[in-house]
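This report concerns only the one structure given below.
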Amino acid sequence: MKQSVCLLVVLTIVSISFGQMWEVGNFAVPSNDNCRHLRAYGDCCFICKYDDILMVADVIEPCNPFVGDSLWLDFPCYFTIAENTLYASGGSCTYTVLIFNIENLPEITPVGETIATINAADLEARGDFLYVCDYIGNIFVYDISDRFTPVALNIVQTGGSAYGIKLSENYLYAGIACEGLEIYDISIPESPELVSFLPLDCGIYPMVNKDNDYVYMATYSDGYLIIDVSNPTNPEIISTINHAGFDRYLELSNDRLFLGNWSSGTIMYDISRVDEPQYICSIPALISGTMDLAVAGKYLYVADLSHFRVFEYEKPPDGYYRSGRTEFMWIDITLIGDLWALGDDTFTPHIEIGFDFPFYDNIYDELFVCSNGFIAFNNFSPSYWDTPIPCDTQPNDIIAPFWDNFNPTGSPMNVYTKLLENPMCFVIEFVDMPRVGAVNEFETFEVILFPNGDIIFQYPTVVDASSATAGIENETGTRGTQLLHNYTTSIPDSIAIGFRRMGITEGNRVEIFEFAEDFVDFEEYDNSEEFDNFPQTEAIPSELAVSASPNPFNPNTTVSYQLPQAGIVTISAYNVLGRREAVLVDGYRNAGAHSVEWNASNLSSGIYFILIQANGNSHTLRTLLMR
Numbered sequence: 010m011k012q013s014v015c016l017l018v019v020l021t022i023v024s025i026s027f028g029q030m031w032e033v034g035n036f037a038v039p040s041n042d043n044c045r046h047l048r049a050y051g052d053c054c055f056i057c058k059y060d061d062i063l064m065v066a067d068v069i070e071p072c073n074p075f076v077g078d079s080l081w082l083d084f085p086c087y088f089t090i091a092e093n094t095l096y097a098s099g100g101s102c103t104y105t106v107l108i109f110n111i112e113n114l115p116e117i118t119p120v121g122e123t124i125a126t127i128n129a130a131d132l133e134a135r136g137d138f139l140y141v142c143d144y145i146g147n148i149f150v151y152d153i154s155d156r157f158t159p160v161a162l163n164i165v166q167t168g169g170s171a172y173g174i175k176l177s178e179n180y181l182y183a184g185i186a187c188e189g190l191e192i193y194d195i196s197i198p199e200s201p202e203l204v205s206f207l208p209l210d211c212g213i214y215p216m217v218n219k220d221n222d223y224v225y226m227a228t229y230s231d232g233y234l235i236i237d238v239s240n241p242t243n244p245e246i247i248s249t250i251n252h253a254g255f256d257r258y259l260e261l262s263n264d265r266l267f268l269g270n271w272s273s274g275t276i277m278y279d280i281s282r283v284d285e286p287q288y289i290c291s292i293p294a295l296i297s298g299t300m301d302l303a304v305a306g307k308y309l310y311v312a313d314l315s316h317f318r319v320f321e322y323e324k325p326p327d328g329y330y331r332s333g334r335t336e337f338m339w340i341d342i343t344l345i346g347d348l349w350a351l352g353d354d355t356f357t358p359h360i361e362i363g364f365d366f367p368f369y370d371n372i373y374d375e376l377f378v379c380s381n382g383f384i385a386f387n388n389f390s391p392s393y394w395d396t397p398i399p400c401d402t403q404p405n406d407i408i409a410p411f412w413d414n415f416n417p418t419g420s421p422m423n424v425y426t427k428l429l430e431n432p433m434c435f436v437i438e439f440v441d442m443p444r445v446g447a448v449n450e451f452e453t454f455e456v457i458l459f460p461n462g463d464i465i466f467q468y469p470t471v472v473d474a475s476s477a478t479a480g481i482e483n484e485t486g487t488r489g490t491q492l493l494h495n496y497t498t499s500i501p502d503s504i505a506i507g508f509r510r511m512g513i514t515e516g517n518r519v520e521i522f523e524f525a526e527d528f529v530d531f532e533e534y535d536n537s538e539e540f541d542n543f544p545q546t547e548a549i550p551s552e553l554a555v556s557a558s559p560n561p562f563n564p565n566t567t568v569s570y571q572l573p574q575a576g577i578v579t580i581s582a583y584n585v586l587g588r589r590e591a592v593l594v595d596g597y598r599n600a601g602a603h604s605v606e607w608n609a610s611n612l613s614s615g616i617y618f619i620l621i622q623a624n625g626n627s628h629t630l631r632t633l634l635m636r
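Using our numbering, the first residue of the sequence shown is number 10, and each one after it goes up by one.
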């Protein structure tokens, strides 16, 4: 059985320079005032004009945003999204949550249904549940399995006026006006249970956000707080950012914290060390103060009261994954794997991976597979409504090789999983997945997970990707790498794409790390580019050549190499976990062609990497030992 792994590349320390942000586009809102609340969603951004207008900004060209649709309403306030549905709270003016069909963006359509609450404030949807907090001191829970017809399930009383909420994994974080932070366990979604309360000096409009183990709170009148919630039963403040003026809203992405302040405008901090946030830069408001913020990829959208503004910010690598094309070697597990007979819009039960798998900020030992072509680590939403990546709309925390609307009900071929030991990897194979709405159209693809966090997507044949999304995304939907979204260009057969986790040196262990020239940023390529334009990661560098013959081998192979100049040369062999198994060359060599025999009789079958280093250059060669 052929197996595929990620290409090992040489460790290089990359210095990250924290730069600036700059404005790339804007437009004035009607009456030049009261652009208050935002929510980014794919190529659109929802805007609330406080007292009368809900607008949809088309931001497919960030330098030229424009209003795609607008509705005259009574005070739409905060937004949340579940698949093709937008929920907007009506605040103290309407006492309702309004519901809109957003299937045909940028057009939005009220569906006629509303949710009656008491002074609704912030709200968040996740999976089939909607949580709404209000100024009176309640959190409302609704069943939204029928997106357009919510059903009330529960009302939980808070310790004060609940103004802002945030959901993350099995917890709900609520900012309580003038009181502090409440944390609720929502592992039973319809029955939030208070697990802790942190008293804080906060104003009347505390808003919250979360990433990794930290909650970030805009207190309105007492600065911004960073709170360690790694133990939800014992939250602790670890740092404070103080500013003059009203501290309204905040967003997070790529170790950046973006703050909205009425006096200072839009502010950016480096939070790679959350205990010591470092100020980077700020952009003042155009006429009046900065309100809400929304992040989508490398763009920051700003509600600046008088204007809707689009900023681009210079960001470091996300520190986790980059994508590139690698060798296609299909692993068929249909005869040896576990079969999961999925139906329409369903998840498997939890599946044990067999090792600890690091993914962005978390480590997982189990996963769920969705019938709609993605893998989730928290099975909150089996959505067939594929969104761009990253997008904070659920589902988040996903690995999506082919996220589309599939219905494998009754199909003899379905989803298979298998833990393999040499090399150790976990394979998820989707076989003949039938697309809804298409006649005799089936897609087959697979995902391979490795203990170091690396991921490979493999596609033997892609029939139609024009309604699919592929990529990976973190828990909060703020970081991710998108391979494709509604891709209209043909995709070649037998293609494999690798997502590699960046690492560091530890003794003689070489973690997977990327060379920029060896990898492809798929965001740079759109539907106008062919996949065949992507460089191959195994291309031989012109200045330093290495090869092995035979390859595959058993147990001897000749490693040939060519040096453009004399110098100290080191050639080593590593296994797929990055452990050095042999040193083949270590010393001075003249310029020219050389060779060395490698006898691997002491090693088991599997994939090994030959790493050559000479005169500041390096290259890695993949070999296969077949015993």
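In this text, a Cβ means the ideal position worked out from N, Cα and C, and glycines have one as well. As the structure is a prediction and not an experimental result, all values here were calculated from the model.
Which whole-angstrom value describes the C-beta separation of residue i and residue j, a residue pair presumed to lie in contact below a C-beta threshold of 8 Å?
i: I457; j: A474; result: Contact flag wrong, Cβ pair sits at about 20 Å.
i: I619; j: L634; result: That pair is no contact at about 12 Å.
i: P115; j: L139; result: 23 Å between Cβ atoms; not a contact.
i: I250; j: G232; result: 6 Å
i: D463; j: F508; result: 7 Å
i: K240; j: A350; result: The sequence shown places Asn at residue 240, not Lys. Actually they do not touch by this definition, with Cβ atoms about 39 Å apart.
i: Y425; j: G352; result: In fact, because the Cβ distance is near 16 Å, the residues do not count as touching under 8 Å.
i: F377; j: A66; result: Not confirmed; about 34 Å, so no contact.
Determine the burial state of residue i: buried for a count of at least 16 other Cβ atoms within 10 Å of its Cβ, exposed for fewer.
i: C72; result: exposed
i: Y288; result: exposed
i: W2; result: The structure shown does not extend to residue 2, since the chain is modelled only from 10 through 636, so no value can be given for it.
i: N565; result: exposed
i: P399; result: buried
i: T490; result: buried
i: W412; result: buried
i: D313; result: buried
i: Q403; result: buried
i: G419; result: exposed
i: N243; result: exposed
i: V605; result: exposed
i: V568; result: buried
Can you tell me whether residue i is helix, strand or coil according to DSSP?
i: S4; result: No answer is possible for residue 4: it lies beyond the span of the chain, which begins at 10 and ends at 636.
i: S40; result: helix
i: Q622; result: strand
i: M635; result: coil
i: N449; result: coil
i: K2; result: Any answer about residue 2 is impossible in this case: the structure gives the chain only from 10 up to 636.
i: L207; result: strand
i: L17; result: Legend: pLDDT at L17 = 29, less than 50; position of this residue unreliable, value from coordinates given subsequently. Coil, per DSSP.
i: Q574; result: coil
i: M422; result: coil
i: C379; result: strand
i: N240; result: coil
i: D67; result: strand
i: Y87; result: coil
i: N371; result: strand
Note down, in chain order, each residue of its chain lying with its Cβ closer than 6 Å to the Cβ of residue i, except the 5 sequence neighbours on either side.
i: L428; result: G363, F435
i: I69; result: D52
i: Y172; result: A130, G184, A186, Y214, P215
i: S291; result: S273, G274, I276
i: W271; result: G254, F255, G298
i: F439; result: V424, F454
Does any CB atom of chain C fall closer than 8 Å to the CB of residue i?
i: Y393; result: Here chain C cannot be found, since the structure has a single protein chain.
Ordered along the chain, which non-local residues of its own chain (more than five positions away) have a Cβ less than 7 Å from that of residue i?
i: V283; result: Y223, I235, I247, S248
i: F415; result: S380, N381, G382, M442, P443, R444, V445
i: S610; result: P564
i: V120; result: I108, F109, N110, F157
i: D354; result: S380, N381, P391, Y393
Within the same chain, show all residues whose beta-carbon is closer than 8 Å to that of residue i, passing over the 5 residues directly before and after it, in chain order.
i: F451; result: D441, M442, P443, R444, V472
i: Q574; result: A600, N624
i: S614; result: N431, L634, M635, R636
i: E178; result: N387, E484
For the segment 388–408 and the segment 39–46, state whether three or more C-beta atom pairs, one from each stretch, are separated by less than 8 Å.
Segments in contact, no.
Three or more beta-carbon pairs under 8 Å between the segment 331–349 and the segment 291–307, yes or no?
no
Do three or more CB pairs link the segment 551–563 to the segment 583–596 at distances below 8 Å?
no
Is the number of C-beta pairs between the segment 483–502 and the segment 365–376 that are closer than 8 Å three or more?
yes
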